[in-house]
Amino acid sequence: PVIGCQCDVCLSKQPEDKRLRSSVMVSVQGKNIVIDTGPDFRQQMLREQVMKLDAVVFTHEHKDHVAGLDDVRAFNFKMEKEIDVYASERVIEALKREFHYIFADLKYPGIPRINVSTIQNESFDIEGIKFIPIQVYHYKLPVFGYRIGDFTYITDANHIPEEEMEKIKGTKVLVLNALRKEEHISHFTLDQAIEIAQKVKAEKCYLTHISHLMGTHKETSKQLPPHVKIATDGLVIEV
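Numbering-wise (this note's numbering), the sequence shown opens with residue 98 and increments by one.
Laid out in structure tokens, this is it:
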């Protein structure tokens with residue numbers, strides 16, 4: 098028997114339709130900072146041949162955004178140092194439950210080694226790089242998006258308060274979640290994401306955290322305005 102989804106996206110042989118869990122690596126001034134370590138973190142880093150990791154920043158605690166944290170141990174070994182991790186207090190508490198062995202007083206040999214810093218809804222620096230948190234909501238769950246210079250990354254959201262929207266305005270590149278075309282309780286739809294991109298006047302908008310219900314990359318791309326595109330795995334954006 099064939100087990101699994103039989104939709105056009107899941108059966109597609111086009112590389113654009115092969116989508117791993119959402120995350121992004123920001124490279125600035127020779128520093129590599131990853132936002133979210135999902136279950137595919139190891140595979141993504143190997144695919145892109147990333148040899149150096151300076152920090153990890155988390156948006157929220159859902160499993161598809163934190164499950165790969167254990168695999169920072171490879172960078173501990175290679176770089177011979179602990180990895181700096183930045184997250185809200187609530188997310189840190191979730192990490193302590195999920196990865197209790199990392200935070201145990203007795204450090205088992207070979208476990209991931211991290212330095213944890215608590216962040217709030219105010220700007221902070223990582224290696225001299227300014228991160229501006231953007232408080233959005235994933236249904237009722239507070240989630241952080243981030244603006245770094247002219248680049249803004251927001252995933253898992255269906256509401257952005259007006260005062261937080263002001264932080265995004267003027268950004269050149271906006272990466273925004275758009276789960277599907279139909280209404281969803283905790284994610285933006287395709288039309289909602291396009292509307293936000295137009296509202297903040299982003300020069301370019303890339304849609305991420307897309308489900309198979311959105312349709313194939315080829316067919317959905319035909320419905321998008323010129324400045325809006327579907328993000329693909331391995332996409333490199335220069336800002």
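Glycine included, every Cβ here is placed at the ideal spot set by N, Cα and C.
Item                                                                                                 : Value
Integer-rounded CB distance, given that E158 should sit under 8 Å from R187                          : 7 Å
Cβ contact (3+ pairs, closer than 8 Å) linking the region 176 to 185 and the region 197 to 216       : yes
Beta-carbon proximity of D137 to H314, cut-off 9 Å                                                   : no
Under 9 Å between C-beta atoms of P258 and S185                                                      : no
H162 and S120 closer than 9 Å at C-beta                                                              : yes
Through-space distance from S109 to Q103, alpha-carbon basis                                         : 10 Å
Check: R244 C-beta below 8 Å from any heavy atom of the ligand SAH                                   : The ligand SAH is not part of this structure, which contains no ligands at all.
Pick from L332, F248, E316, M311 that is closest to A294, judged by C-alpha positions                : F248
Endpoints, the beta strand (DSSP E) within which T249 is located                                     : 248 to 251
Cβ neighbours of R116 in the same chain (closer than 7 Å, five flanking residues each side left out) : I307, D330
Pick from Y183, Q320, D167 that is closest to E195, judged by C-alpha positions                      : D167
H306 in three-state terms, based on DSSP                                                             : coil
Integer-rounded CB distance, given that N218 should sit under 8 Å from H235                          : Not confirmed; about 15 Å, so no contact.
Simplified DSSP assignment, three categories, for R187                                               : helix
Identity of the residue in A152, A328, A290, D105 nearest I226 by Cα                                 : A152
Residues that I245 bridges to, as DSSP identifies them                                               : F248
Span separating the alpha-carbon of E261 from that of M122                                           : 23 Å
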